[in-house]
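Accompanying notes for the structure given below.
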Amino acid sequence: DAGVIQSPRHEVTEMGQEVTLRCKPISGHDYLFWYRQTMMRGLELLIYFNNNVPIDDSGMPEDRFSAKMPNASFSTLKIQPSEPRDSAVYFCASSLYFADSYNEQFFGPGTRLTVL
Amino acid sequence: AQKITQTQPGMFVQEKEAVTLDCTYDTSDPSYGLFWYKQPSSGEMIFLIYQGSYDQQNATEGRYSLNFQKARKSANLVISASQLGDSAMYFCAMKGNQGGKLIFGQGTELSVKP
C-alpha cells in the first residue's frame, strides 16, 4: 500500500534555475497539500487542492512559486527562478477529509531543496 | 487567529520512563482538532494521535496519550515507556472546523537516553 510519493528526494540547484517538485498522493485522497519546512519558520502550508482544484494558495510566498494538479494522481510545485532563501524541505501530504476538524494528513518523505 | 505553542525546544528522557511534551493552543473556533506528529531524523512526518475538542475522553494510541485540558487550552503528548526509537522531533498541530489550515507548532526535539 503505497503512501505519498515525492520526487526527487534531494535537489541541489543554482540560483536562478527552475525547480520542479513532484508528488503522487495516496489513491482516493481528495485533498493534497504542499508544505515548506525551515528552521526559522517551521512547517508552513503553501497551498492545498481539493479534487485537483486549488482552494487556498495564500501561503505561497511569491509569484515565483506555482503549483498545479493536472489529475488526481499528480501534482507539481515549481519555483522559477529559484533563490537561496528557497532552500528548505518541501512536503506533500494528502488526506481523505478536510472539511471538519478531523484531518489526518499523510505526508510524503519530503524533498530537500538546496539553492546555491 | 489560530496559534500553536510548543515551549520546549528540546527534552531528554531515560529509556523506559514516561515523558510529557507540552502544547498550548489558541483559537476562536468552537470546534477544532488537535494532532501530534513525529518527525524522525529520516525526515518523514508520522501521524501519532488526534483529539477532537468535543471528545469527552483523552485520546490514546498505544504508548501515546493526549492530556487534553480544554479550559487551559493545552494538549500535551504523553509517551509512556520511552524507547530509543522515540528520539525525534514532535509537532503539535491544530485545525478548526470551518475549513482552514492545519497549523503546526515549532516542535520539540526528544532525545531518549539508554
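So the sequences go chain by chain: A and B.
Using my numbering, read the first sequence as starting at 1 and increasing by one per residue.
Using my numbering, read the second sequence as starting at 1001 and increasing by one per residue.
Just so it is clear, CB atoms sit at the ideal spot from N, CA and C, and this is done for glycine as well.
None of these values were measured; they are calculated from a predicted model.
Distance CB(residue i)-CB(residue j) smaller than 7 Å
{"i": "Gly108(A)", "j": "Gly1043(B)", "result": "no"}
{"i": "Pro84(A)", "j": "Gly16(A)", "result": "no"}
{"i": "Lys1016(B)", "j": "Ala1081(B)", "result": "yes"}
{"i": "Trp34(A)", "j": "Ile55(A)", "result": "no"}
{"i": "Phe1104(B)", "j": "Gly42(A)", "result": "yes"}
{"i": "Lys1038(B)", "j": "Leu45(A)", "result": "no"}
{"i": "Tyr1066(B)", "j": "Ile1049(B)", "result": "The question names Tyr, but residue 1066(B) in the sequence shown is Leu. Yes, they are a contact pair."}
{"i": "Asn1058(B)", "j": "Phe1047(B)", "result": "no"}
Buried versus exposed call for residue i [16 or more other C-beta atoms within 10 Å across all chains shown]
{"i": "Pro25(A)", "result": "buried"}
{"i": "Met39(A)", "result": "exposed"}
{"i": "Thr1108(B)", "result": "buried"}
{"i": "Lys1113(B)", "result": "exposed"}
{"i": "Tyr1032(B)", "result": "buried"}
{"i": "Tyr1054(B)", "result": "exposed"}
Best match in the options for proximity to residue i [C-alpha to C-alpha]
{"i": "Cys1092(B)", "options": "Ser1031(B), Met1045(B) and Gln1057(B)", "result": "Met1045(B)"}
{"i": "Asn51(A)", "options": "Leu96(A), Leu116(A) and Leu113(A)", "result": "Leu96(A)"}
{"i": "Phe106(A)", "options": "Asp30(A), Thr13(A) and Val12(A)", "result": "Asp30(A)"}
{"i": "Thr1005(B)", "options": "Ser1053(B), Leu1034(B) and Thr1060(B)", "result": "Leu1034(B)"}
Beta-ladder partner(s) of residue i, from DSSP
{"i": "Thr1024(B)", "result": "Thr1005(B) and Ser1074(B)"}
{"i": "Arg22(A)", "result": "Ser7(A) and Thr76(A)"}
{"i": "Arg112(A)", "result": "His10(A) and Val89(A)"}
{"i": "Glu1044(B)", "result": "According to DSSP, Glu1044(B) bridges with nothing at all."}
{"i": "Leu1110(B)", "result": "Met1011(B) and Ala1088(B)"}
To be precise: take each residue of the region 1037-1048 of chain B, compare its Cβ to all Cβ atoms of chain E, and keep it if any distance is under 9 Å. Which residues remain? Given the protein chain composition of this structure (A and B), no chain E is represented.
Runs of 4 residues minimum, wholly inside the region 37-108 of chain A: which ones carry the alpha helix (DSSP H) assignment? As far as the region 37-108 of chain A is concerned, it has no whole alpha helix (DSSP H) run of at least 4 residues.
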